[in-house]
Amino acid sequence: MALAILSTTLILVYRVMSEALSAEERSERWTTAAYLGEALLRETTTTFPEVSESEGRFPGMDNAYAWKKTVKQAMHPDAREVDVAVTWGEGDHEESVSLAGIAVK
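Count along the sequence shown from 1, then add 101; that gives the number in the numbering used here.
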């Protein structure tokens, strides 16, 4: 009986630890994606970019993170709307984070 209780307890502890590690890894990916997106957004909004759409992959990090950048004319002629989306993952498990900013002359 004691062995059965110990076995059940160990299985539960293993499951909790496994889920905690998975949550930590997911949190790291979200943080990395947000950091990369913010850097791209900041780089784009420090200039006055042309209206355009572009996409690519961030170098390094096993090419795990892709980006898409859209620059649109804002209502004011001296402003541009900049949208950046960073995606990662595969298939049904793809996730993304989106950021937006304004570039002015």
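C-beta: ideal position from N, C-alpha, C; glycine also.
Whether residue i touches residue j by CB criterion (8 Å)
i: Val187; j: Ala140; result: no
i: Trp131; j: Val198; result: yes
i: Val152; j: Lys173; result: yes
i: Gly154; j: Trp168; result: The residue asked about is misnamed: residue 154 is Glu in this sequence, not Gly. It is not a contact, given that the beta carbons lie outside the stated cut-off.
i: Phe159; j: Leu142; result: no
Segment limits, beta strand (DSSP E) that includes residue i
i: Lys173; result: 166-174
i: Asp184; result: 180-189
i: Gly202; result: 196-205
i: Glu224; result: One cannot answer for residue 224 here, as it falls past the ends of the chain, which runs 102 to 206.
Sequence-distant residues of its chain with Cβ nearer than 7 Å to residue i (five each side left out)
i: Ala165; result: Trp189
Own chain partners of residue i with C-beta closer than 6 Å, once the 5 adjacent residues on each side are dropped
i: Ala201; result: Asp184
i: Ala180; result: Ile203, Val205
i: Thr145; result: Val183
Proximal residues to residue i (C-beta, below 8 Å), its chain only, five neighbours per side dropped
i: Glu125; result: none
i: Ala175; result: Arg181, Glu182, Ile203
Selected residue, minimal CA-CA separation from residue i, among the options
i: Pro150; options: Ile106, Ser128, Lys170, Gly192; result: Lys170
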